[in-house]
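To start, the structure under review is shown below, and the notes come after it.
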Amino acid sequence: RKIAIAAEIADDRAAAGRRLPPSKAPGGPRMELVISNDAPNAVEVLYTGPVTGSVTLKPCVGCKRYSASAGPRLACKDSGRSYPKARLQLPAGEYHFLYKHGTGATSRVDSYAAGSKVQSGYTYTSCTYVIERSPLGLDLPTLPDYIEPASAPPVSPSRAGSSR
45 RKIAIAAEIA DDRAAAGRRL PPSKAPGGPR MELVISNDAP NAVEVLYTGP VTGSVTLKPC
105 VGCKRYSASA GPRLACKDSG RSYPKARLQL PAGEYHFLYK HGTGATSRVD SYAAGSKVQS
165 GYTYTSCTYV IERSPLGLDL PTLPDYIEPA SAPPVSPSRA GSSR
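45 is the number of the first residue of the sequence shown in my numbering; add one for each residue after it.
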């Protein structure tokens with residue numbers, strides 16, 4: 045099963061397939077990785093590195109897809125919402141992740157691969173969410189969200205451009 049997980053991740057992230065997953069977990073301290081799901085569908089997270097495995101997060105009830113510009117700013121930031129979470133205890137090392145949001149025909153569209161280094165002494169968090177794309181699969185530009193102008197104090201001409 046571990047080899048199948050690493051191979052699936054390597055389909056999207058070649059570096060994940062450079063070596064076979066270890067047969068046993070290394071000793072030493074473990075760092076916590078908390079993954080939150082801000083997507084309206086379940087997500088399966090595959091990971092490989094010093095340890096290999098998978099975890100499935102439940103759908104986030106009431107969550108929605110984000111625009112490409114809003115996702116990074118807004119995902120997992122609603123303090124009033126209880127996001128589905130998974131907690132992994134990982135030994136230090138380089139990891140490769142595959143976040144699988146869809147099933148069937150949408151699985152390739154909504155999947156995302158990434159890499160990360162886990163270091164001793166840290167706690168890590170990850171937020172998974174889905175952005176809205178063109179239904180035809182085209183890489184069309186996303187219109188920016190409406191931005192309201194901000195007021196700023198007037199700048200006197202003699203101080204414009206100066207720094208201290």
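We put the CB at the ideal spot given by N, CA and C, even for glycine.
If I follow the unbroken alpha helix (DSSP H) through residue i, where does it start and stop?
i, result
"Lys-121", "Lys-121 -> no alpha helix (DSSP H), and no H or E assigned at all."
"Glu-176", "That residue, Glu-176, is in no alpha helix (DSSP H); it is neither H nor E in DSSP."
"Ala-48", "46-56"
From the DSSP secondary-structure annotation, give me the bridge partner or partners of residue i.
i, result
"Ile-79", "Ala-130 and Ser-170"
"Ala-136", "For Ala-136, which the question treats as bridged, DSSP gives no partner whatsoever."
"Ser-160", "Tyr-139"
"Ser-155", "Lys-144"
I believe residue i touches residue j by the beta-carbon criterion, under 8 Å. Please report the beta-carbon distance rounded to the nearest angstrom.
i, j, result
"Ala-157", "Leu-134", "Not a contact, Cβ separation roughly 17 Å."
"Leu-64", "Ile-53", "Contact flag wrong, Cβ pair sits at about 13 Å."
"Val-174", "Ala-83", "5 Å"
"Ala-60", "Val-89", "The pair is not a contact, with the Cβ atoms about 13 Å apart (cut-off 8 Å)."
"Ser-164", "Pro-73", "6 Å"
Any beta carbon of chain C sitting closer than 7 Å to that of residue i?
i, result
"Lys-108", "Absent here is chain C; the protein component of the structure consists of one chain."
Taking the straight line between their C-alpha atoms, what separation do you get for residue i and residue j?
i, j, result
"Ser-202", "Leu-118", "Caution is warranted here: a pLDDT of 41 is assigned to Ser-202, below 50, making its placement in the model unreliable, and the coordinate value is therefore given only provisionally. Distance between the alpha carbons of Ser-202 and Leu-118 is about 39 Å."
"Tyr-168", "Val-78", "6 Å"
"Lys-102", "Cys-120", "15 Å"
"Tyr-139", "Gly-106", "31 Å"
"Thr-100", "Tyr-127", "13 Å"
"Lys-284", "Ser-123", "Limits of the chain in this structure are 45 at one end and 208 at the other, which puts residue 284 out of reach."
"Arg-125", "Asn-81", "11 Å"
"Cys-104", "Val-95", "27 Å"
"Arg-57", "Ser-155", "12 Å"
"Tyr-166", "Val-87", "24 Å"
"Gly-71", "Ala-136", "10 Å"
"Pro-116", "Glu-176", "13 Å"
"Asp-55", "Ile-49", "10 Å"
"His-145", "Ala-69", "27 Å"
"Gly-93", "Lys-108", "31 Å"
"Tyr-91", "Asn-85", "19 Å"
"Tyr-110", "Arg-62", "34 Å"
"Ala-51", "Ser-170", "22 Å"
"Met-75", "Arg-45", "23 Å"
For a test of your reading of the model: does the CB of residue i fall under 6 Å from any non-hydrogen atom of the ligand HEM? Yes or no.
i, result
"Arg-117", "Of the ligands one can find in the structure shown there are none, so the ligand HEM has no counterpart to examine."
Identify every run of the beta strand (DSSP E) within the region 63-111, keeping only runs that are complete inside it and at least 3 residues long; order them along the chain.
Entirely contained in the region 63-111, the beta strand (DSSP E) runs reaching 3 residues are, in chain order, 74-81, 87-92 and 97-101.
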